[in-house]
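Colleague:
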Amino acid sequence: MHTQESLMKQLEQSGIQSNGTLLVHSSMKSIGEVAGGADTVLDALASHMADGLLVLPTHTWSTINADNPRFYVDRSPCCVGILPELFRQRPGVIRSWHPTHSVAALGRDAEEFTSGDHRFDTPCARGSAWGKLLDRKAAIMLVGVDLRRNTFIHGVEEWVDIPGRMTDDHEMLITVLPDGTEISVPSRRHSGLPWSEHFWKVEDVLLERGAMKIGQLGDAVTRICDAEAVTKVITEMLLDNPDLFSDNEPLA
Numbered sequence: 017m018h019t020q021e022s023l024m025k026q027l028e029q030s031g032i033q034s035n036g037t038l039l040v041h042s043s044m045k046s047i048g049e050v051a052g053g054a055d056t057v058l059d060a061l062a063s064h065m066a067d068g069l070l071v072l073p074t075h076t077w078s079t080i081n082a083d084n085p086r087f088y089v090d091r092s093p094c095c096v097g098i099l100p101e102l103f104r105q106r107p108g109v110i111r112s113w114h115p116t117h118s119v120a121a122l123g124r125d126a127e128e129f130t131s132g133d134h135r136f137d138t139p140c141a142r143g144s145a146w147g148k149l150l151d152r153k154a155a156i157m158l159v160g161v162d163l164r165r166n167t168f169i170h171g172v173e174e175w176v177d178i179p180g181r182m183t184d185d186h187e188m189l190i191t192v193l194p195d196g197t198e199i200s201v202p203s204r205r206h207s208g209l210p211w212s213e214h215f216w217k218v219e220d221v222l223l224e225r226g227a228m229k230i231g232q233l234g235d236a237v238t239r240i241c242d243a244e245a246v247t248k249v250i251t252e253m254l255l256d257n258p259d260l261f262s263d264n265e266p267l268a
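Spelled out as structure tokens, the structure:
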């Protein structure tokens with residue numbers, strides 16, 4: 017059985033800088049049996065990143081839409097797993113205000129990191145938290161999930177302006193703050209094919225180029241991505257082939 021101490025030892029061995037910025041996509045089930053369950057995993061992550069910034073996605077894209085437009089910052093549940101859902105409710109954690117692609121952050125500069133996302137009409141704008149991951153040279157750790165769950169790659173596609181990835185029209189969504197204030201957030205959405213299901217194609221390239229490395233947390237395989245290096249590699253690949261993620265075939 018894994019413990020907070022054993023998980024922290026694995027995090028130390030992973031080389032993730034404890035005073036940097038870490039975003040975690042996760043499958044709790046993949047980690048295996050942990051004394052204390054999901055809260056222990058969050059305790060280990062928070063303790064390792066005590067001098068830095070810990071970020072988890074708290075997306076609501078599956079529930080917030082034109083028919084259900086109100087995103088409640090303090091109580092709308094996220095749709096990406098138990099670890100983010102528990103994390104967003106922890107003391108000191110700050111959630112951003114984007115109605116479909118919010119993140120929650122704990123630690124150094126958390127308030128600044130999460131601020132302003134509601135000003136953008138796309139899910140992963142360069143000025144949003146997703147772009148700030150690049151500015152901060154963040155690590156992105158995929159715990160028991162692969163590149164198909166790496167939202168940051170959607171950001172790279174958006175910044176390169178790959179056509180056909182988002183709706184032209186806006187949905188009129190509303191962010192509701194804890195004090196009841198309502199903010200209109202006209203939002204474009206990811207559209208068309210499930211593009212992220214094709215992100216696995218670049219795994220070998222990212223490994224070969226040193227933009228990603230393999231590790232372990234509990235029983236789970238982890239993929240630890242360097243946000244700056246991933247941006248460089250995938251930008252180059254997309255500029256060379258804008259249709260890179262338009263099919264699910266392996267790279268030639």
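Quick note on our numbering: the sequence shown kicks off at 17 and runs consecutively. Even for Gly, the Cβ is constructed at its ideal location relative to N, Cα and C. Bear in mind the structure is a predicted one, so any value in this text is a computation, not a measurement.
Who are the Cβ neighbours of Ile80 in its own chain at under 8 Å, not counting the five residues just before and after it?
Modeller: Here the question's residue 80 lines up with position 64 in the sequence shown. Result list for Ile80: Arg86, Phe87, Ser92, Pro115, Thr116 and Leu189, in chain order.
Colleague: Between which two residues does the beta strand (DSSP E) carrying Asp162 extend?
Modeller: Your numbering for residue 162 matches position 146 in the sequence shown. Unbroken run through Asp162: none, as it is neither H nor E.
Colleague: Buried or exposed for Gly143, going by 16 or more other Cβ atoms inside 10 Å?
Modeller: By 1-based counting over the sequence shown, the position of residue 143 is 127. Exposed is the call here.
Colleague: To which residues does DSSP link Gln232 through a beta bridge?
Modeller: Taking the first residue of the sequence shown as 1, we reach residue 232 at position 216. DSSP output for Gln232 lists Val237 as bridge partner(s).
Colleague: If Phe129 sits next to Ala121, beta carbons under 8 Å apart, how far is it from one beta carbon to the other, in whole angstroms?
Modeller: Within the sequence shown, the letter at position 113 stands for residue 129. Within the sequence shown, the letter at position 105 stands for residue 121. With 8 Å as the limit, Phe129 and Ala121 qualify as a contact, their Cβ atoms being about 5 Å apart.
Colleague: Let's test the definition: count the other Cβ atoms within 10 Å of the Cβ of Asn166 and tell me whether it reaches 16, buried, or not, exposed.
Modeller: Position 150 of the sequence shown holds residue 166. With 16 or more other Cβ atoms within 10 Å, it is buried.
Colleague: His64 by DSSP, collapsed to three states: which one?
Modeller: As a first step, residue 64 is located in the sequence shown; it is residue number 48 there, counting from the start. In the structure shown, His64 sits in a helix (DSSP, three-state: H, G or I).
Colleague: Given this structure, state the Cα-to-Cα distance separating Leu260 from Glu21, to the nearest angstrom.
Modeller: Mapped onto the sequence shown, residue 260 falls at position 244. Mapped onto the sequence shown, residue 21 falls at position 5. The straight-line gap from Cα to Cα measures roughly 41 Å.
Colleague: Can you tell me whether DSSP reads His186 as helix, strand or coil?
Modeller: Taking the first residue of the sequence shown as position 1, residue 186 is located at position 170. Here His186 sits in coil by DSSP.
Colleague: Going by C-alpha to C-alpha distance, which of Val249, Ala236, Thr197 and Trp146 sits closest to Asp220?
Modeller: Position 204 of the sequence shown holds residue 220. When only C-alpha atoms are compared, the closest one is Val249.
Colleague: Would you identify the three-state DSSP class for Asp137, choosing helix, strand or coil?
Modeller: On the sequence shown, position 121 is the one that residue 137 refers to. In this structure, Asp137 counts as coil in the three-state DSSP scheme.
Colleague: Within the stretch 79-153, note down every full beta strand (DSSP E) run reaching 3 residues or more, in order along the chain.
Modeller: List check, beta strand (DSSP E) in window: 86-88 and 119-123.
Colleague: Under 8 Å by Cβ, that's how I've got Ile47 and Ala245 pegged, so tell me the actual separation to the nearest angstrom.
Modeller: Taking the first residue of the sequence shown as position 1, residue 47 is located at position 31. Taking the first residue of the sequence shown as position 1, residue 245 is located at position 229. With a Cβ gap of about 26 Å, Ile47 and Ala245 do not count as contacting.
Colleague: Does the structure place the stretch 38-45 close enough to the stretch 143-163 that three or more beta carbon pairs sit under 8 Å?
Modeller: Yes, since at least three Cβ pairs between the stretch 143-163 and the stretch 38-45 fall closer than 8 Å, the two stretches touch.
Colleague: For Met228 and Thr197, what's the separation of their Cα atoms in angstroms?
Modeller: Here residue 228 refers to the residue found at position 212 of the sequence shown. Here residue 197 refers to the residue found at position 181 of the sequence shown. The alpha-carbon atoms of Met228 and Thr197 are separated by roughly 41 Å.
Colleague: Can you tell me which of the three DSSP states Asp177 falls into?
Modeller: Counting from 1 along the sequence shown, the entry for residue 177 is found at position 161. Correct three-state label for Asp177: coil.
Colleague: With a Cβ-Cβ cutoff of 8 Å, do Arg135 and Glu213 count as a contact?
Modeller: Start at 1 with the first residue of the sequence shown, and residue 135 comes out as number 119. Start at 1 with the first residue of the sequence shown, and residue 213 comes out as number 197. Cβ distance not < 8 Å, so Arg135 and Glu213 don't count as in contact.
Colleague: Give the secondary structure of Ile32 by DSSP, where H, G and I count as helix, E and B as strand, and everything else as coil.
Modeller: Mapped onto the sequence shown, residue 32 falls at position 16. Of the three classes helix, strand and coil, the one that applies to Ile32 here is coil, per DSSP.
Colleague: Give me, in chain order, the residues of the same chain whose beta-carbon lies closer than 7 Å to that of Lys148; leave out the 5 immediate sequence neighbours on both sides.
Modeller: For this step, residue 148 is matched to residue 132 along the sequence shown. Contacts found: Phe129.
Colleague: What does DSSP give as the partner residue(s) for Asp242 in the beta ladder?
Modeller: Residue 242 sits at position 226 when you count from the first residue of the sequence shown. Ala155.
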